[in-house]
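Every letter in the sequence shown is one number past the one before it in the numbering used here, and letter 43, counting from 1, is 81.
Cβ atoms here follow ideal geometry from the backbone N, Cα and C, with glycine treated the same way.
Everything below concerns the one structure shown next.
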Amino acid sequence: MVRLQPDPFLNELTNMFERTTEKGSVWVTLKHSSDKSKVKINKMKTAGEKIEYKCLVRATDGKKTISTMVGQKDHSRFQSSYATILKTRMTALKKRERKDRRKTADSDKKQDLKKPSSAAKPSN
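Here it is as structure tokens:
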């Protein structure tokens with residue numbers, strides 16, 4: 039796994055999406071991380087030091103895996119760039135076919151209103 043800075047990571051992520059346009063997938067995972075071992079974290083907690091948590095972002099296309107650590111300072115800039123990349127590259131997604139439940143329910147109600155009920159008919 040290759041650890042990159044946030045900007046080169048976004049460039050490489052764009053390249054991954056371009057390579058898999060016709061066939062393939064890209065998996066992206068985000069994880070809360072401190073980038074330190076548990077032993078160091080426990081020592082920092084006992085010493086009263088502040089632990090800076092970061093976001094670990096990994097991406098793979100099955101052949102190549104890249105990752106980056108995004109801190110609190112860079113988070114908003116990284117997130118907006120990441121969102122832009124996702125919006126532009128996810129063009130191959132198919133729209134899900136949905137039944138409109140309201141339309142079918144309304145048409146059933148209209149049909150029920152048109153049919154006269156046997157209890158409502160006056161008997162002679």
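For this session: For residue 79, count neighbouring C-beta atoms within 10 Å of its own C-beta (all shown protein chains included) and say buried if the count is 16 or more, exposed if not.
Result: The residue you call residue 79 lines up with position 41 of the sequence shown. Residue burial annotation: residue 79 is exposed, with fewer than 16 other C-beta atoms found within 10 angstroms of its C-beta.
Problem set entry | Beta-bridge partners of residue 107, as assigned by DSSP | As a position in the sequence shown, residue 107 is number 69, starting the count at 1. Residue pairing by DSSP puts residue 107 in a beta bridge opposite 94.
For this session: Indicate the three-state DSSP secondary structure (helix, strand or coil) for residue 77 in the structure shown.
Result: Taking the sequence shown and counting its residues from 1, the one referred to as residue 77 is at position 39. Note: residue 77 maps to helix in three-state DSSP.
Exercise. Where does the unbroken alpha helix (DSSP H) through residue 125 begin, and where does it stop?
Worked result: The residue you call residue 125 lines up with position 87 of the sequence shown. Segment 113-127, the alpha helix (DSSP H) holding residue 125.
Problem set entry | Per-residue DSSP class, three states only, for residue 59 | By 1-based counting over the sequence shown, the position of residue 59 is 21. In the structure shown, residue 59 sits in coil (DSSP, three-state: anything other than H, G, I, E or B).
Problem set entry | When 40, 45 and 71 are compared against residue 119, the one with the closest alpha-carbon | For the purposes of this step, residue 119 is taken as residue 81 along the sequence shown, with counting starting at 1. Per the Cα distances, 45.
Exercise. Is residue 124 closer than 9 Å to residue 107 when the C-beta atoms are compared?
Worked result: Residue 107 sits at position 69 when you count from the first residue of the sequence shown. Residue 124 sits at position 86 when you count from the first residue of the sequence shown. No, they are not a contact pair.
Exercise. Excluding five sequence neighbours on each side, which residues of the same chain lie with their C-beta closer than 8 Å to the C-beta of residue 55?
Worked result: What you label residue 55 is simply residue 17 of the sequence shown in a count that begins at 1. Around residue 55: 64, 123 and 127.
Exercise. Taking the alpha-carbon positions, what's the residue 47 to residue 87 distance?
Worked result: One-based indexing of the sequence shown puts residue 47 at position 9. One-based indexing of the sequence shown puts residue 87 at position 49. Approximately 30 Å between the Cα atoms of the pair.
Exercise. Do the CB positions of residue 39 and residue 114 come within less than 9 Å of each other?
Worked result: As a first step, residue 39 must be located in the sequence shown, where it is residue number 1. As a first step, residue 114 must be located in the sequence shown, where it is residue number 76. Their beta carbons are not under 9 Å apart, which means residue 39 does not touch residue 114 by this criterion.
Exercise. Does the beta-carbon of residue 97 have 16 or more other beta-carbons within 10 angstroms, so that it is buried, or is it exposed?
Worked result: The sequence position of residue 97 within the sequence shown is 59, counting from 1. Burial call: buried.
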